[in-house]
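Numbering (this note's numbering), first residue to last: 23 to 384.
Read the structure below first, then the notes.
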Amino acid sequence: MSAAAFAISYLPWLAGGPVLAALADRYSYRKVMIFCDLSRMALVALVALPAIPVWAMFVLVFATALLGPPFDAARSALTPQVLSGDRYVLGLGVQNSALQTSQILGYLAGSTLAQFNTHLALGINALSFGVSAALIAACVKKRPGVGDARRRHILRETGEGIQVVFGRPELRSIALMAFLTVTFVAIPEGLSAGWAAALLLDGSAQGLIMAAAPVGMALGGILMPRLLAPATRRRMLRPLVALAPLALVPALFEPPLAVVIGMIAVAGFACGSFLPIANGLFVQAVPGTHRARAFGVLAAGTQLTQGAALLATGAVTGIFGVSTGIGVWAVGGLVLLCVVFTRTASISEEPAAQDPDAKLAE
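Following this line, the structure appears as structure tokens:
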């Protein structure tokens, strides 16, 4: 049942993420985030009530998940309004690292609390949304919405977001690299139980395998944007993307747990280093009126490719075994990346902004 609830939380991104994210471009990003947080607080609080029917819990979890895409899109679109230029890349690296760290701490705290009182764990989760809404209301300055004043059908506006991302060579290149890179972090995490079992180890090994990627991503998000100059970062994009699958190739030889953890951490480091750098270039090339929609397309594509990669790798591991199957996927990923590199624009120069609002400074 917990697995079903976890899967439901991702369904909105797969079913209509870009459409839901497009709603964020219609209003003030700050208001969208506060509304989503307060609504999620109320919904999760209902889930925490004792004796709630299972069907009602699933409905509430799904409704809560529906608020994720507009919140994430609004946050992604608002961040470059708060941080301009190189500060945006540095800030995004810190933000991503904080998210990975909080994910690890959240798993630990949630699993510990759930052993004593699941309703208390859910109640604290609901409270966290309220705290988030209060922080946004108190600390984020009010800004007018940047969406086009001419309202059109939501599906048409969603289509415009898709066209912006895939109709421009530099954005299409960043998107395709992002879609592939995140799969090499998601696959070891998704197959962690099977990998630990193949190593004849217990659940603690699974936890270490699952934690390796977030730790690597947190380190990459903090270190690389700070250590490298902007021009060097742009030149490092493709090597970082290639490093993610390359780090997993030794899985072909069924290495021991220590090597497995190191491989996954390196893949996570590559992904964590790539994302803030690529995001900085992405936001510079997206018109300000389409930012939330564009980020929604990027996030939805990421979820879809992760799901497809997990299904494909699951089939491969059924033939070769978990470790060898992941190694085979890593080799296949390198081949796919070579195709992407040869068929997409090189990002060696800073992309030009598409409108005056594409670079916002405080």
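Note that CB positions come from ideal geometry on N, CA and C, so glycine has one too.
Bear in mind the structure is a predicted one, so any value in this text is a computation, not a measurement.
In this structure, P92 keeps its C-beta atom at 8 Å or more from the C-beta atom of L33.
A straight line joining the alpha-carbon of A273 with that of A337 spans about 16 Å. Here DSSP, grouped into helix, strand and coil, assigns I209 to helix. The three-state reading of DSSP puts V162 in coil, since its state is none of H, G, I, E or B. Remark: C-beta atoms of V153 and R52 do not approach each other more closely than 8 Å. Straight-line spacing of the CA atoms in L142 and A215 works out to 27 Å. DSSP, reduced to helix, strand and coil, places Y110 within a helical segment of the structure shown.
Distance check between R194 and each of N301, A352, G145, A269 places N301 closest, using alpha-carbon atoms only. About 6 Å separates the Cβ atoms of V271 and G349, confirming a contact at the 8 Å cut-off. Distance between I341 and G347, taken at the CA atoms: about 8 Å. One Cα belongs to T364, the other to C58, and the distance between them is close to 41 Å.
G90 and L135 have their alpha carbons spaced roughly 24 Å apart.
For E182, the enclosing alpha helix (DSSP H) stretches over residues 176 to 188. In this structure, DSSP gives A251 a state outside helix and strand, which the three-state scheme calls coil.
The DSSP-derived three-state label of V81 is helix.
When secondary structure is reduced to three states using DSSP, L270 falls in the coil class, being assigned neither helix nor strand.
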